Structures are given as C-alpha cells and as structure tokens.
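What follows is a single structure, written as structure tokens, with notes after it.
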Amino acid sequence: MSPRKHLMLAMILAILFFKQCTSLSPQHPAQDTEVAGEVNRYCTVCHTTLSLPEENLIAPPLEAVKRRYLAEFPDRQEFVRRMTAFVINPQDSSALMYGAVRRFQVMPKQPVDSSLILAIAAFIFDQKLDQPEWFEGHYQQNHPESAAPARDYAALFSSLDQSIGLQLNQGLKWIIDPTIHRQIHLMQDYLVSLNQEFQMTDYPIIAQAIRIKLPHSDNSSDSGAGLYLKFQDVLETKIAYLEQAETKNQGEYALLEITRQLLLFDAYFMPRE
Numbered sequence: 364m365s366p367r368k369h370l371m372l373a374m375i376l377a378i379l380f381f382k383q384c385t386s387l388s389p390q391h392p393a394q395d396t397e398v399a400g401e402v403n404r405y406c407t408v409c410h411t412t413l414s415l416p417e418e419n420l421i422a423p424p425l426e427a428v429k430r431r432y433l434a435e436f437p438d439r440q441e442f443v444r445r446m447t448a449f450v451i452n453p454q455d456s457s458a459l460m461y462g463a464v465r466r467f468q469v470m471p472k473q474p475v476d477s478s479l480i481l482a483i484a485a486f487i488f489d490q491k492l493d494q495p496e497w498f499e500g501h502y503q504q505n506h507p508e509s510a511a512p513a514r515d516y517a518a519l520f521s522s523l524d525q526s527i528g529l530q531l532n533q534g535l536k537w538i539i540d541p542t543i544h545r546q547i548h549l550m551q552d553y554l555v556s557l558n559q560e561f562q563m564t565d566y567p568i569i570a571q572a573i574r575i576k577l578p579h580s581d582n583s584s585d586s587g588a589g590l591y592l593k594f595q596d597v598l599e600t601k602i603a604y605l606e607q608a609e610t611k612n613q614g615e616y617a618l619l620e621i622t623r624q625l626l627l628f629d630a631y632f633m634p635r636e
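Numbering (our numbering), first residue to last: 364 to 636.
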C-alpha cells in the first residue's frame, strides 16, 4: 500500500472512531445484541466457537484472536483501531497471528462496511466470547508465556532482511548453481508442509531439520554466488533464532520469516543452464 493510501486509511479510521466512540461503549445492550448477530455472520463462520477438533479448524478460534490482540494492545481504543485496520486491509506483514498465517494463510478481505468492522472489534474487546471446550487447556499448554509480544524479533528480522540487499541484476535474475536451486526448492516444500501447530519443544527440532537442508555456496563464478552467500548467512541466523526461541510467538515469528525468505528466492535467482 502506498504512503498516500496509508494516510487515507488512517484518516478514515480516525473519523470512524471519533464518530463511534460513544455509541460503541459497553453500556448499550441492545446494540450489543445486534452486533452479536453480525459477529456470528461474519466472524465465527471461520473463527469458530464450536468444539470442533483442533485439526479441523480453518482459522484460529475468535477467543485466540482476541487474546493475541489484547497481549499487544490492552488499551481498548488501540485494540479496536488495530483490529479494524487489519480487517479492512489484511496483510501478512501486519498480521499478529504468526502461527495462523503459517497454517491458514492471511484471511481474505471481507465485504463489510468499515463502521460495522469497528463495531465488531469493540464487541470482541468488551464481551466474553464463546470458545471451544478444548480451547482453554490447549491455550495454556501452548502459551505459557501468555502470548508475549514478538516486537523485538520483528525489528531484528527486518534488519537482517535489509542486510541481504536483495535486488535484481540489472533487471534480470541472478544465476545460481542448479544444485543450490533444487535444494532451496526442497526446503520450500518442507516448510510449506509444516501446517500444524507446534509446541515449544518442536522449534529446536525444526531448526535442525532446516539447517541440515540448507545448501551452502561453493563460491562459484556464477553471478549470484555472492548474493546467495548473504542470503544463506541471514537464513542461518534466523534458524539460530528459531532454535533459541523463548516463547511460542518468537518461534512462530521466526518460522514464518524463514518461510517468507525462502519463498522470495525464485524472484531473484535462477539456475545455471
């Protein structure tokens, strides 16, 4: 999204929030009942509150989404603003549910009026939500750190990505050893196949599996050898952070960023013929 569109979106949200701030207060039971119907219509059809088996989900339960946003934005106004902004323009770069993005992809944009999205976000903050019977035990087991923020990881990984300096070779892809190209594709397939939820003990094992598969540059004369060496070094650093993750959010963020980097590979490299 361009800076101009970002500014326009921010202005729209500010106007909406100003107009709705009093009407969306928790002291409107009639409105809450009306909004509850809209939540069922637009949200829980995917973010289920039913006790479906965890492996049958197509999106995280709505209570899981609420807790993730509360961990980052405990203030009501900021919670509502951030959730509304994401639903209006869902992007993986602004998603907070790292594991859900990895497993289910980013939610599609919804054909819902912005003011209704704002009302739904306020309802989610204010109300006690229904949840699957298994959810609470599952949540406590998988989030012992109470969903600690991964902001430090986000800044760190952004800096790592910038250090690669990924760009095309005068508009063309860089030439790379065919063996490296094949092995990277095998890594992509492996990471895309990881569509289940993990526990903390899984991340070091996954990190080791990725590390073993990572091809190393042979310092060949191919035009892309030097750039690939930087690409490889950053991947190794991210793998180390995945291995050393202290919270589930850190582990999921590292795994998602490793996957993103590997999926960028084909945009910049091609095998030598």
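Using N, Cα and C, we set each Cβ at its ideal position, and we do this for glycine too.
None of these values were measured; they are calculated from a predicted model.
6 Å CB neighbourhood of MET550 in its chain, flanking five on each side removed
If you number the sequence shown from 1, residue 550 lands on position 187. Here the set comprises LYS576, LEU625.
Can you name, in chain order, every residue of its own chain whose Cβ lies under 6 Å from the Cβ of ILE573, other than the five neighbours on each side?
For the purposes of this step, residue 573 is taken as the residue at position 210 of the sequence shown. Within the same chain, ILE573 has close Cβ partners ILE602.
Please state the DSSP three-state secondary structure of LEU605.
Residue 605 sits at position 242 when you count from the first residue of the sequence shown. Three-state result, LEU605: helix.
With three or more beta-carbon pairs closer than 8 Å as the criterion, would you say the region 550-568 touches the region 580-590?
no
Applying the criterion that 16 or more other CB atoms from any shown protein chain within 10 Å of the CB defines a buried residue, is PRO424 buried or exposed?
The sequence position of residue 424 within the sequence shown is 61, counting from 1. PRO424 should be labelled buried.
Between ILE547 and LEU605, is the Cβ-Cβ spacing less than 9 Å?
For the purposes of this step, residue 547 is identified with residue 184 of the sequence shown, where counting begins at 1. For the purposes of this step, residue 605 is identified with residue 242 of the sequence shown, where counting begins at 1. No, the Cβ-Cβ distance between ILE547 and LEU605 is not below 9 Å.
Given VAL475 as reference, the closest of VAL402, LYS536, ALA434 once Cα atoms are compared:
As a position in the sequence shown, residue 475 is number 112, starting the count at 1. Here the closest residue by C-alpha is VAL402.
Taking all protein chains shown into account, do 16 or more other C-beta atoms lie within 10 angstroms of the C-beta of ALA630, making it buried, or fewer, making it exposed?
Taking the first residue of the sequence shown as position 1, residue 630 is located at position 267. Exposed.
For GLY614, which three-state DSSP category applies?
Numbered from 1 along the sequence shown, position 251 holds the residue referred to as residue 614. GLY614: helix per DSSP, three-state reduction.
Alpha-carbon to alpha-carbon, VAL428 and MET460
If you number the sequence shown from 1, residue 460 lands on position 97. If you number the sequence shown from 1, residue 428 lands on position 65. Roughly 7 Å between the two C-alpha positions.
Does the distance from the C-beta atom of PRO578 to that of ILE543 stay below 9 Å?
As a position in the sequence shown, residue 578 is number 215, starting the count at 1. As a position in the sequence shown, residue 543 is number 180, starting the count at 1. Yes, the pair counts as a contact, with Cβ atoms nearer than the cut-off.
Cα-Cα separation between ARG623 and ASP395, rounded to whole angstroms:
Numbered from 1 along the sequence shown, position 260 holds the residue referred to as residue 623. Numbered from 1 along the sequence shown, position 32 holds the residue referred to as residue 395. The alpha-carbon atoms of ARG623 and ASP395 are separated by roughly 39 Å.
What is the rounded straight-line gap between the Cα of PHE449 and the Cα of ASN419?
One-based indexing of the sequence shown puts residue 449 at position 86. One-based indexing of the sequence shown puts residue 419 at position 56. Those two C-alpha atoms are separated by around 25 Å.
Which two residues bound the contiguous beta strand (DSSP E) that contains PHE353?
Outside the displayed span of the chain (364 to 636) sits residue 353, for which this structure offers no information.
GLN473 at chain B interface by Cβ criterion, 9 Å
Note that chain B does not occur in the displayed structure, where there is just one protein chain.
Examine the ligand NAP and report whether any of its heavy atoms sits within less than 8 Å of the Cβ of PHE632.
The ligand NAP is not among the ligands present in this structure, which contains no ligands whatsoever.
Reduced DSSP category for ILE421 - H, G, I as helix; E, B as strand; rest coil
To locate residue 421, count along the sequence shown from 1; it is residue 58. Of the three classes helix, strand and coil, the one that applies to ILE421 here is coil, per DSSP.
Rounded to whole angstroms, what's the CA-CA distance from GLY462 to TYR516? Just pull it up for me.
Residue numbering aside, residue 462 sits at position 99 when the sequence shown is read from its first letter. Residue numbering aside, residue 516 sits at position 153 when the sequence shown is read from its first letter. Using only the alpha carbons, I get a separation of about 15 Å.
Could you check which residue in PHE520, GLU496, ILE421 has the C-alpha nearest to that of SER414?
In the sequence shown, counting from the first residue as 1, residue 414 sits at position 51. Closest option to SER414, Cα to Cα, is GLU496.
What's the C-alpha gap between GLU636 and ASN532?
In the sequence shown, the residue the question calls residue 636 occupies position 273. In the sequence shown, the residue the question calls residue 532 occupies position 169. Using only the alpha carbons, I get a separation of about 17 Å.
Bridge-paired residues (DSSP) for TRP537:
Position 174 of the sequence shown, counting from 1, holds the residue named residue 537. The partner list for TRP537 (beta bridge, DSSP) reads PHE632.
Note down the Cα distance separating ILE483 from THR407, rounded to an integer number of angstroms.
Here residue 483 refers to the residue found at position 120 of the sequence shown. Here residue 407 refers to the residue found at position 44 of the sequence shown. Computed Cα separation, rounded: 12 Å.
Nearest by alpha-carbon distance to GLN595: which of GLN440, ILE539, THR610 is it?
As a working mapping, residue 595 is identified with position 232 in the sequence shown. Of the candidates GLN440, ILE539, THR610, the one whose C-alpha sits nearest the C-alpha of GLN595 is ILE539.
If you run the structure through DSSP and keep just helix, strand and coil, what is ASN403?
Here residue 403 is taken as the residue at index 40 of the sequence shown, counted from 1. Helix at ASN403.
Between the Cα of ILE487 and the Cα atoms of PHE628, THR412, SER526, which residue gives the shortest distance?
Reading the sequence shown from its first residue, position 124 is the one you call residue 487. The residue with the shortest Cα to Cα distance from ILE487 is THR412.
Confirm, please, whether the CB-CB distance from ARG465 to GLU609 is below 9 Å.
What you label residue 609 is simply residue 246 of the sequence shown in a count that begins at 1. What you label residue 465 is simply residue 102 of the sequence shown in a count that begins at 1. No. Outside cutoff.
For PHE628, count neighbouring C-beta atoms within 10 Å of its own C-beta (all shown protein chains included) and say buried if the count is 16 or more, exposed if not.
Residue 628 sits at position 265 when you count from the first residue of the sequence shown. It is buried - the Cβ of PHE628 has at least 16 other Cβ atoms within 10 Å.
Rank GLY400, PRO416, VAL398, GLU426 by C-alpha distance to the C-alpha of HIS410 and give the top, closest one.
Indexing the sequence shown from 1 puts residue 410 at position 47. Cα-wise, what sits closest to HIS410 is GLU426.
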